[in-house]
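A.B. asks: Take this structure first; my questions come after.
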Amino acid sequence: MKGAICIGKPPDWWETTSEGARLALALCSICPARTGCADDQEYGVIRAGVAWHNTGVPAGLCGCGYPLPLNKHGDERSACLRCDPPSNVRYAGGRAADVARLVGEGLSYAAVGKRLGISKSMVGKYVRRGRRPQAVSTAVGAS
Ligand code: SF4
Ligand SMILES: [Zn+2]
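Here the working numbering runs 16 ahead of the position in the sequence shown, where the first position is 1.
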């Protein structure tokens, strides 16, 4: 499709459940091929700035900008897993990585704790652990 911004970009960004979905939606919003693209209905992907689930349900967007997931029956939108994660969800990269990422995004320890279902002081412990100095090589090359 002429002028399609998605050409040459990682295709997985246009998958509804992808980490890149928010960026894909933003790119669609400025894409010159958007009008023609909207005619090619496909499910399970983002097309023309609309995220479609596999079942044909339009995902709709959370306030965080990501498509909303489906409920376990696959017929209705569910709560955003990023903004309202179930307490039993485990994240790739482990909890320490989640804490580092969310603190890096500028969230307070309290907000991070609420998001991950842990206490504010536990967030602080993860942060301090992550700041421990690593072993540094002091080898000096020959002059
Ligand atoms: S509007 Fe269509 S062609 Fe343009 S970036 Fe989005 S999916 Fe690709
Ligand atoms: Zn959200």
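Note that the Cβ used here is the ideal one computed from N, Cα and C, for glycine as well.
Mind checking whether residue 65 and residue 44 have CB atoms under 8 angstroms apart?
C.D. replies: By 1-based counting over the sequence shown, the position of residue 65 is 49. By 1-based counting over the sequence shown, the position of residue 44 is 28. Yes. Within cutoff.
A.B. asks: Residue 73 lies in the alpha helix (DSSP H); which residues open and close that run?
C.D. replies: As a first step, residue 73 must be located in the sequence shown, where it is residue number 57. That residue, residue 73, is in no alpha helix (DSSP H); it is neither H nor E in DSSP.
A.B. asks: Whose C-beta lies closer than 6 angstroms to the C-beta of residue 20 among residues of the same chain, with five residues either side of it excluded?
C.D. replies: For the purposes of this step, residue 20 is identified with residue 4 of the sequence shown, where counting begins at 1. Within the same chain, residue 20 has close Cβ partners 49.
A.B. asks: Okay, do the segment 52 to 65 and the segment 92 to 102 touch, 3+ Cβ pairs below 8 angstroms being the bar?
C.D. replies: Not touching, per the Cβ criterion.
A.B. asks: Between residue 144 and residue 112, how many whole angstroms is the CB-CB distance? I'm expecting something under 8 angstroms.
C.D. replies: What you label residue 144 is simply residue 128 of the sequence shown in a count that begins at 1. What you label residue 112 is simply residue 96 of the sequence shown in a count that begins at 1. The pair is not a contact, with the Cβ atoms about 11 angstroms apart (cut-off 8 angstroms).
A.B. asks: Along the chain, where does the alpha helix (DSSP H) containing residue 91 start, and where does it finish?
C.D. replies: For the purposes of this step, residue 91 is identified with residue 75 of the sequence shown, where counting begins at 1. Unbroken run through residue 91: none, as it is neither H nor E.
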